[in-house]
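2 protein chains.
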Amino acid sequence: MARHSILDTLNDSLRKDTLAGISTMRFPPGQVLFSAGEHCRGLPLVLGGSIKVQMTGLSGHSIVLYRMGSDDICTLSIGCLMTGRGYRAEAIVEEETEAAIIPRGLFDRLMDQSAEFRLGIMESYGRRLDDLMLLVEEVAFHRMDERLEEWLQARAAQGQRTLTITHQELATELGTAREVISRLLKELERRGQVGLARGKIELTGLKKRSATA
Amino acid sequence: MARHSILDTLNDSLRKDTLAGISTMRFPPGQVLFSAGEHCRGLPLVLGGSIKVQMTGLSGHSIVLYRMGSDDICTLSIGCLMTGRGYRAEAIVEEETEAAIIPRGLFDRLMDQSAEFRLGIMESYGRRLDDLMLLVEEVAFHRMDERLEEWLQARAAQGQRTLTITHQELATELGTAREVISRLLKELERRGQVGLARGKIELTGLKKRSATA
DNA sequence: GACTGTTCAGTGATAAAGTCACACAGAACC
DNA sequence: GGTTCTGTGTGACTTTATCACTGAACAGTC
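Residue numbers (this note's numbering), protein chains in the order written: chain A, 3 to 215; chain B, 3 to 215.
Right under this line is the structure:
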């Protein structure tokens, strides 16, 4: 049964029709939800799990743009839906994900008949735009060592003690080269802040960086 | 009289009301349309001219995110309008600009009553998202010398022979440091591709870069 | 004209990050 | 066991960023 906050805003009649018109699906880790160039068949609502959205540029390098999780809307799909152009990025399931797809016709009807639905869509768009603007600034101006430590700290803050991730994947997260990550991690290991093993990073003593402005 | 393609999509009655509800304004070069933190009072439609949107990060550095020109919609404003949060970026008029502001109430009514208006808004959003994704990739992975030459070539392609711009402004365009631009421009001058003077860059012999993959 | 303050540009030194090339270790498969 | 593949470590080098400073070009004042 689909649980998504944007559905809660609908009136009874619309909600009933919507629930009847969508089907929820489960996707296992590693599954590619869509890839660059593909066309979009409907608007996915993420009910739970975690999906990363990344793009590969002309240079052949990849970078993770943002993640979608519980209660998110796949903003990228809206653009594809409206303009008819293919996706520019690809979406890869990280943790087992449940999602509902709103087909085009139903989406149009919801946009037409529910101001609350429209508001939800626009808010989602606004947040995504904000995220991307912040990412641009981060990529352009922040130091790699800081970005890496912040990324690891965010994971530590979620309670994760041991990460299963390769240096290459981490490089894609931050939009840099694998060697850069390897060297920075080695340095953190020397300082006793992480433990390294093949495909694993153990978060031991990450400390807040002091005054590195 | 406001000329904007999104108004053409409206039916006679809505268009009449819309034209009555908006007022067009002119802004001179250098004028700041909005700056970071400010709140948004309506949706600007750009009728003509050129506006650059740039943000300043925690690092204190600035980067130009995109430009708005004739027939554009200020997508950033929609997010602010819907979420009530302040702008994250600032908009600066480059060439004398004419714009019409659609007030909040009218915007809501148009979203409610015109599927074509909604489509226009969503398309505009999709394009902006695409632009930003491409920018992320460019900033993360492309070489500065190539980006600079491409930027100059784009101006040359518009027919501009002499640019009035400082090295610092150009650095903000590309999200780098002024010194980097100075050095790269000097190199281009040595190769006879540009002429340099205080506050001016003359585009003489820019040639396509050959196989710099 | 000379004097002053401001903005813009040039450049050396150094540090950080990206690129290239390759060695080697651990895991997986026969 | 051996072979293959993937992931990691590292040296050498290039590009970009940062810091510190110099001097040139311009505007305003006397």
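Just so it is clear, CB atoms sit at the ideal spot from N, CA and C, and this is done for glycine as well.
Interface flag, residue i vs chain B, CB-CB below 8 Å
i, result
"D147/A", "no"
"H144/A", "yes"
"H6/A", "no"
"R15/A", "Reading off the sequence shown, one finds Ser at residue 15/A, where the question assumed Arg. For S15/A, the answer is no, since every Cβ of chain B falls outside 8 Å of its Cβ."
"D10/A", "no"
"I80/A", "yes"
"I183/A", "no"
"V34/A", "no"
"M57/A", "yes"
"T20/A", "no"
"D65/A", "Reading off the sequence shown, one finds Ile at residue 65/A, where the question assumed Asp. So, interface residue."
"G177/A", "yes"
"G128/A", "yes"
"V95/A", "no"
Residue i classed as buried or exposed, judged by whether at least 16 other C-beta atoms fall within 10 angstroms
i, result
"M27/A", "exposed"
"E140/B", "buried"
"E204/A", "exposed"
"H41/B", "exposed"
"A215/B", "Its pLDDT being 33, under 50, A215/B is placed unreliably in this model, and the value from its coordinates should be taken loosely. Answer is exposed; the Cβ neighbour count stays below 16."
"G86/B", "exposed"
"T166/A", "exposed"
"P46/B", "buried"
"S116/B", "buried"
"E92/B", "buried"
"R120/A", "buried"
"G107/A", "exposed"
"C74/B", "What sits at residue 74/B in the sequence shown is Asp, not Cys. Per the 10 Å Cβ criterion, buried."
"V34/A", "exposed"
"A199/A", "exposed"
"R193/B", "exposed"
"A22/A", "exposed"
"S212/B", "Model confidence at S212/B stands at a pLDDT of 44, short of 50, so the residue's coordinates are unreliable; what they give is reported in the following sentence. Burial call: exposed."
Backbone secondary structure at residue i - three-state DSSP
i, result
"L12/A", "coil"
"E40/B", "coil"
"Q33/B", "coil"
"R17/B", "helix"
"L134/A", "helix"
"Y89/A", "coil"
"S184/B", "helix"
"A117/B", "helix"
"L60/A", "coil"
"G207/A", "coil"
"M65/B", "Per the sequence shown, the amino acid found at residue 65/B is Ile instead of Met. Residue state, collapsed to three classes: strand."
"R28/B", "strand"
"A22/A", "helix"
"S79/B", "helix"
"S126/A", "helix"
"T174/B", "helix"
"S7/A", "helix"
"A101/B", "strand"
"A159/A", "helix"
"G201/A", "coil"
"G194/B", "coil"
Whole-number beta carbon distance between residue j and residue i, since they are thought to touch under 8 Å
i, j, result
"T216/B", "S52/B", "With chain B running from 3 to 215 in the structure shown, residue 216/B is simply not present."
"G44/B", "G88/B", "That belief does not hold up - the Cβ atoms of G44/B and G88/B are roughly 15 Å apart, past 8 Å."
"G201/B", "T168/B", "6 Å"
"G12/A", "L134/B", "Gly is not the amino acid found at residue 12/A; the sequence shown has Leu there. 30 Å between Cβ atoms; not a contact."
Chain A within 8 Å of residue i, Cβ atoms only
i, result
"V141/B", "yes"
"T218/B", "Chain B is shown from 3 up to 215; residue 218/B falls before or after that span and cannot be answered."
"M124/B", "yes"
"M70/B", "no"
"A91/B", "yes"
"M27/B", "no"
"R211/B", "Caution applies to R211/B, whose pLDDT of 47 falls short of 50 and renders its modelled position unreliable; the value that the coordinates give is listed next. Not an interface residue."
"D73/B", "no"
"S37/B", "no"
"R120/B", "yes"
"A117/B", "yes"
"S61/B", "yes"
"V138/B", "yes"
Next item on the list: Tell me, please, whether the stretch 54-62 of chain A touches the stretch 121-130 of chain A by the rule of three or more beta-carbon pairs shorter than 8 Å.
Entry: no
Note to self: Under 8 Å: do the stretch 182-195 of chain B and the stretch 70-79 of chain B share three or more Cβ pairs, one atom per stretch?
What the structure shows: no
Item checked: Contact between the stretch 150-169 of chain A and the stretch 141-154 of chain B (3+ Cβ pairs under 8 Å) -> no
Notebook entry, point to check: How about the stretch 131-146 of chain B and the stretch 92-106 of chain A: do they share at least three Cβ pairs that are nearer than 8 Å?
Noted result: no
Note to self: Contact between the stretch 105-122 of chain B and the stretch 3-17 of chain B is defined here as three or more beta-carbon pairs at a separation below 8 Å; is this criterion met?
What the structure shows: yes
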